[in-house]
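Peer 1: Order-wise, the sequence lines are chains C and V. Using numbering that gives the first Met the number 0, the letters of the first sequence correspond one by one to residues 0 to 414. Using numbering that gives the first Met the number 0, the letters of the second sequence correspond one by one to residues 0 to 83. Okay, here's the structure, questions in a sec.
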Amino acid sequence: MAYSEKAKSFYDSTLKNIKQDGLFKEERFIESPQAANIKVEFPAGAPQKQVLNFCANNYLGLSSHPEVVKAAHDGLDARGYGMSSVRFICGTQDIHHELEDKLTKFLGTEDTILFPSCMEANAAIFEVMLDKEDAMISDRLVHASIVDGMRLSKAQLFNYKHNNMAHLEEKLQETQNCRFRLIITDGVFSMDGDLAKLDEICNLAEKYDAMVMVDDSHASGFIGKTGRGTHEHFNVMGRVDVITTTLGKALGGATGGCVSGRKGIVDLCRQRARPYLFSNTVPPVVVAASIKVIDLISDTTERRDKLERNTKYFREKMTKAGLDIKEGETPIVPVMLYNAKLAQDVARDLYAEGIYVIGFFFPVVAQGQARIRTQISADHEFEHIDKAVAAFTKVGAKYNILGKKKDEIIALYGM
Amino acid sequence: MSEDIKKMIIDYVKKEYLEEDSGVTVNESTKLISSGIVDSFSMVSLKMFLEKKFSVKIPDDKATPEAFDSVNNIMNLLKEYTKI
């Protein structure tokens, strides 16, 4: 048998180690559409429980929006289920092109190319744009998909301390001899919820003749006054060379991503991007629904405005209740607990109170930075937020962490 | 000589990876990778720094997280490739 005893025991012991380290991830079965209010079976076999979801990337509440669902049905009827092809053979329909045009217009760029996911857009972009005589200069906290993408490129890698512009400038000075330099950052950082200093980054890029690439997956649709993203927020539209983003979060939440930016770079992706050339086209049903999403959020800013109000309300209430949240303005609101076990215990108790959140700890975040990452949605109502804050207050009191800051929580529980 | 090199690497780690207000102390036996001070991806810049400073090429298969996990480990690695 090819699957030898040696191989089997290796995989089994690896899994055992993951469990022993407390890093084993278990899926929870949701038995309803994605929304603020969901039915969950957890652990497997347990009775269904109605909980409020505070850990989805469903920022605009569009994942199960009736008009989006209807557009998906209509798209399914009009253009079928699958394409059984990559884009350049026989996998491009008129609606793929239409969605790319709409994204270009929405993001305020020159052109856009769809990918099956933003993970694949990030896997592609660096290899397409850069070679061994070039440099990638990346913020140290960029998303894992960017890290993987950079690994696939022959360009030299440099990284700077998180959002530290002086350190970025040092790296730009160090790399003056490279042919091209690309500064790489998330627009909104997924674990801390803070924004890249995109105006300062663009200024430095122009000073040192570097290009700028932003992954706006946690920003597209709601950051900036009309939701275009981090570049709109910092008033640098037209100064960012490449944006990668996802349709899998605020923009409907299904799947799919894109590279949007300078026309020459997008054109070259159509010729050279391996994840585009060798993986299937985005399914028609997702494309049709995504077109509706872009239409909905282009017509009105109502949903991103509601999300902004909800975020402000939640942040104020949590602060007032004495929880140690990371300051900021985005709907990613990390509740800091510092200790991994404490983060898991608090998340478990919140679930018992009907609030669905997850604890994050090393190696997902830095050692001693364990937290619960809460995410606010336009689907939440103030009463949902009130319930969540009440639950955090109750559980926080149980663990004696209300009103306590980092040093005091660490003194109680360690790092 | 060896102490000077250790200090130089410690200074580089502090400057390159730690925020000024981090409160983390680094000495020759401090765990760098497994503690998360240097994440495994940022290790690339540490490798580049050492290669440039000592004019050596550390083979990729030798540049493991274990080999870079403390200044002492790095010193052992360097000894294989330089005359320090």
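Note that the Cβ used here is the ideal one computed from N, Cα and C, for glycine as well. Quick caveat: nothing in here was measured; it's all calculated off a predicted structure.
Residues in the same chain with beta-carbon distance under 8 Å from isoleucine 136 (chain C), minus the five sequence neighbours each way, listed in chain order, please.
Peer 2: Residue mapping note: residue 136 (chain C) aligns to position 137 of the first sequence, counting from 1. Same-chain partners within the cutoff: Phe157, Asn158, Tyr159, Leu167, Lys170, Leu171, Thr174, Arg180, Leu181, Ile182, Ile183, Ala209.
Peer 1: Using DSSP bridges, identify the partner residues of valine 332 (chain C).
Peer 2: For this step, residue 332 (chain C) is matched to residue 333 along the first sequence. DSSP, once it has assigned bridges, lists C:Thr373 as partnering valine 332 (chain C).
Peer 1: Per DSSP, what are the beta-bridge partners of glycine 358 (chain C) in this structure?
Peer 2: Numbered from its first residue, the first sequence carries residue 358 (chain C) at position 359. C:Ile371, per the DSSP bridge assignment.
Peer 1: Counting only Cβ pairs nearer than 8 Å, list the residues of chain C close to glutamate 65 (chain V).
Peer 2: In the second sequence, the residue the question calls residue 65 (chain V) occupies position 66. Neighbours of glutamate 65 (chain V) on chain C: none; closest Cβ ~16 Å, over 8 Å.
Peer 1: Does the Cβ-Cβ distance between alanine 288 (chain C) and valine 67 (chain C) come in under 7 Å?
Peer 2: The sequence position of residue 288 (chain C) within the first sequence is 289, counting from 1. The sequence position of residue 67 (chain C) within the first sequence is 68, counting from 1. A contact, by the Cβ cut-off of 7 Å.
Peer 1: Going along chain V, which residues have a C-beta under 7 Å from alanine 365 (chain C)?
Peer 2: Against the first sequence, residue 365 (chain C) aligns to sequence position 366. Gly35, listed in chain order.
Peer 1: DSSP state of phenylalanine 28 (chain C), grouped into three classes?
Peer 2: Position 29 of the first sequence holds residue 28 (chain C). In the structure shown, phenylalanine 28 (chain C) sits in a strand (DSSP, three-state: E or B).
Peer 1: In three-state DSSP terms, what is asparagine 279 (chain C)?
Peer 2: In the first sequence, counting from the first residue as 1, residue 279 (chain C) sits at position 280. DSSP places asparagine 279 (chain C) in strand when its eight states are reduced to three.
Peer 1: Helix or strand or just coil, what does DSSP make of isoleucine 112 (chain C)?
Peer 2: Locating residue 112 (chain C) in the first sequence gives position 113, where the first residue counts as 1. Correct three-state label for isoleucine 112 (chain C): strand.
Peer 1: What did DSSP end up calling leucine 74 (chain V) once you bin it into helix, strand or coil?
Peer 2: The count along the second sequence starts at 1 and reaches residue 74 (chain V) at position 75. Looking at the sequence provided, one finds methionine at residue 74 (chain V) rather than leucine. Looking at methionine 74 (chain V) - three-state DSSP - the assignment turns out to be helix.
Peer 1: Considering aspartate 3 (chain V), what are the terminal residues of the alpha helix (DSSP H) in which it resides?
Peer 2: Numbered from its first residue, the second sequence carries residue 3 (chain V) at position 4. Here the alpha helix (DSSP H) through aspartate 3 (chain V) covers 1–16.
Peer 1: Name the chain V residues whose beta carbon is nearer than 9 Å to that of arginine 139 (chain C)?
Peer 2: Counted from its first residue, the first sequence places residue 139 (chain C) at position 140. The answer, in chain order, is Tyr16, Asp38, Phe40, Ser41.
Peer 1: To which residues of the same chain is isoleucine 354 (chain C) closer than 8 Å at the C-beta, ignoring the five residues directly before and after it?
Peer 2: Residue numbering aside, residue 354 (chain C) sits at position 355 when the first sequence is read from its first letter. Result list for isoleucine 354 (chain C): Val50, Leu51, Phe53, Lys386, Ala387, Ala390, Phe391, in chain order.
Peer 1: Counting only beta-carbon atoms, is leucine 156 (chain C) nearer than 7 Å to chain V?
Peer 2: As a first step, residue 156 (chain C) is located in the first sequence; it is residue number 157 there, counting from the start. Interface residue, yes.
Peer 1: Look at tyrosine 337 (chain C) and isoleucine 400 (chain C) and say whether their C-beta atoms are less than 7 Å apart.
Peer 2: Walking along the first sequence from the start, residue 337 (chain C) turns up at place 338. Walking along the first sequence from the start, residue 400 (chain C) turns up at place 401. Against a cut-off of 7 Å, the Cβ pair of isoleucine 400 (chain C) and tyrosine 337 (chain C) comes out as no contact.
Peer 1: With DSSP collapsed to three states, give me the class of tyrosine 207 (chain C).
Peer 2: If you number the first sequence from 1, residue 207 (chain C) lands on position 208. In this structure, tyrosine 207 (chain C) counts as coil in the three-state DSSP scheme.
Peer 1: Quick check: what's the CA-CA separation for proline 333 (chain C) versus tyrosine 80 (chain V)?
Peer 2: As a working note, residue 333 (chain C) is residue 334 in the first sequence. As a working note, residue 80 (chain V) is residue 81 in the second sequence. Proline 333 (chain C) and tyrosine 80 (chain V): Cα-Cα distance of roughly 45 Å.
Peer 1: Can you grab the Cα-Cα spacing for the pair serine 297 (chain C) / lysine 305 (chain C), in whole Å?
Peer 2: Here the question's residue 297 (chain C) lines up with position 298 in the first sequence. Here the question's residue 305 (chain C) lines up with position 306 in the first sequence. Those two C-alpha atoms are separated by around 15 Å.
Peer 1: For serine 69 (chain V), go through chain C and note every residue whose CB falls closer than 8 Å to its CB, in chain order.
Peer 2: Numbered from 1 along the second sequence, position 70 holds the residue referred to as residue 69 (chain V). Chain C residues near serine 69 (chain V): none, gap ~15 Å exceeds 8 Å.
Peer 1: Look at leucine 250 (chain C) and valine 213 (chain C) and say whether their C-beta atoms are less than 7 Å apart.
Peer 2: Taking the first sequence and counting its residues from 1, the one referred to as residue 250 (chain C) is at position 251. Taking the first sequence and counting its residues from 1, the one referred to as residue 213 (chain C) is at position 214. No, the pair does not count as a contact, with Cβ atoms beyond the cut-off.
Peer 1: Following the continuous alpha helix (DSSP H) through valine 345 (chain C), name the residue where it begins and the one where it ends.
Peer 2: As a working note, residue 345 (chain C) is residue 346 in the first sequence. Run containing valine 345 (chain C): 339–351, per the alpha helix (DSSP H) assignment.
Peer 1: Based on the DSSP output, what are the partners of tyrosine 80 (chain V) in its beta bridges?
Peer 2: Residue numbering aside, residue 80 (chain V) sits at position 81 when the second sequence is read from its first letter. Beta-bridge pairing links tyrosine 80 (chain V) to no other residue.
Peer 1: Rounded to whole angstroms, what's the CA-CA distance from glycine 21 (chain C) to phenylalanine 361 (chain C)? Just pull it up for me.
Peer 2: Indexing the first sequence from 1 puts residue 21 (chain C) at position 22. Indexing the first sequence from 1 puts residue 361 (chain C) at position 362. Approximately 10 Å, taken between the alpha carbons.
Peer 1: Just checking: is the beta-carbon of phenylalanine 53 (chain C) within a distance shorter than 7 Å of some beta-carbon in chain V?
Peer 2: Residue numbering aside, residue 53 (chain C) sits at position 54 when the first sequence is read from its first letter. Output row for phenylalanine 53 (chain C): interface = no.
Peer 1: If I measure Cβ to Cβ from aspartate 348 (chain C) and keep anything under 6 Å in the same chain, skipping five residues before and after, which residues do I get?
Peer 2: Along the first sequence, read from residue 1 onward, the residue named residue 348 (chain C) stands at position 349. Result list for aspartate 348 (chain C): Val394, in chain order.
Peer 1: Using a cut-off of 7 Å between C-beta atoms, extract the partners of valine 146 (chain C) located in chain V.
Peer 2: On the first sequence, position 147 is the one that residue 146 (chain C) refers to. Those within 7 Å of valine 146 (chain C) in chain V are Phe40.
Peer 1: For glutamate 169 (chain C), which three-state DSSP category applies?
Peer 2: Locating residue 169 (chain C) in the first sequence gives position 170, where the first residue counts as 1. Reduced to three states, the DSSP call for glutamate 169 (chain C) is helix.
Peer 1: With a cut-off of 7 Å, does the C-beta of phenylalanine 361 (chain C) fall near any C-beta of chain V?
Peer 2: In the first sequence, residue 361 (chain C) corresponds to position 362, counting from 1. For phenylalanine 361 (chain C), the answer is yes, since a Cβ of chain V falls inside 7 Å of its Cβ.
Peer 1: Taking valine 50 (chain C) as part of the alpha helix (DSSP H), name the residues at either end of that continuous run.
Peer 2: On the first sequence, position 51 is the one that residue 50 (chain C) refers to. Unbroken run through valine 50 (chain C) is the beta strand (DSSP E), 48–52; no alpha helix (DSSP H).
Peer 1: Which same chain residues end up closer than 8 Å to serine 116 (chain C) when comparing Cβ atoms and leaving out the 5 residues on each side of it in sequence?
Peer 2: Within the first sequence, residue 116 (chain C) is the residue found at index 117, counting from 1. Closer than 8 Å at the Cβ level, and outside the excluded window around serine 116 (chain C), lie Thr245, Gly247, Thr254, Gly255, Gly256.
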